[in-house]
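Residue numbers (my numbering): 788 to 911.
In structure tokens, the structure reads:
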């Protein structure tokens, strides 16, 4: 009966534990570890593939070109990929532009971009 009472109190949060400082520190470390998000790492190949999928999503009519009416917003930064300034972003322009973007984020030039590199490149 006593075990059931303790289990019921613990389940409802009524049971209070007299914890030492060491136990409190361990509990805090456990909470921090539970919320830990590991840094992401993206290779140039994976980035290129995801950007290719993005191009295909934006190219609604499937003509291998993104026109002004297919841009997500009129002030989209991807307009910079339009090298010849004809108002159309071709698949080649898209690919070259996105890979150049990746290379700018790859601060240590190792072929991968970590979440830290991505954050640092945004600051620049």
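Idealized CB from N, CA, C, for every residue including glycine.
- Comparing alpha-carbon positions, the option among 875, 900 and 828 lying closest to residue 888 turns out to be 900.
- According to the DSSP assignment, residue 901 belongs to the beta strand (DSSP E) that extends over 899-901.
- Counting only runs of 3 or more residues that sit fully inside the stretch 861-886, no beta strand (DSSP E) segment turns up.
- Excluding its 5 nearest sequence neighbours in each direction, residue 879 has no C-beta neighbour in its own chain below 6 angstroms.
- Contact annotation: the stretch 866-881 touches the stretch 848-856, with at least three C-beta pairs closer than 8 angstroms.
- In the three-state reduction of the DSSP assignment, residue 840 falls in the helix class, which pools H, G and I.
- For residue 852, the pairing in a beta bridge is given by DSSP as 877.
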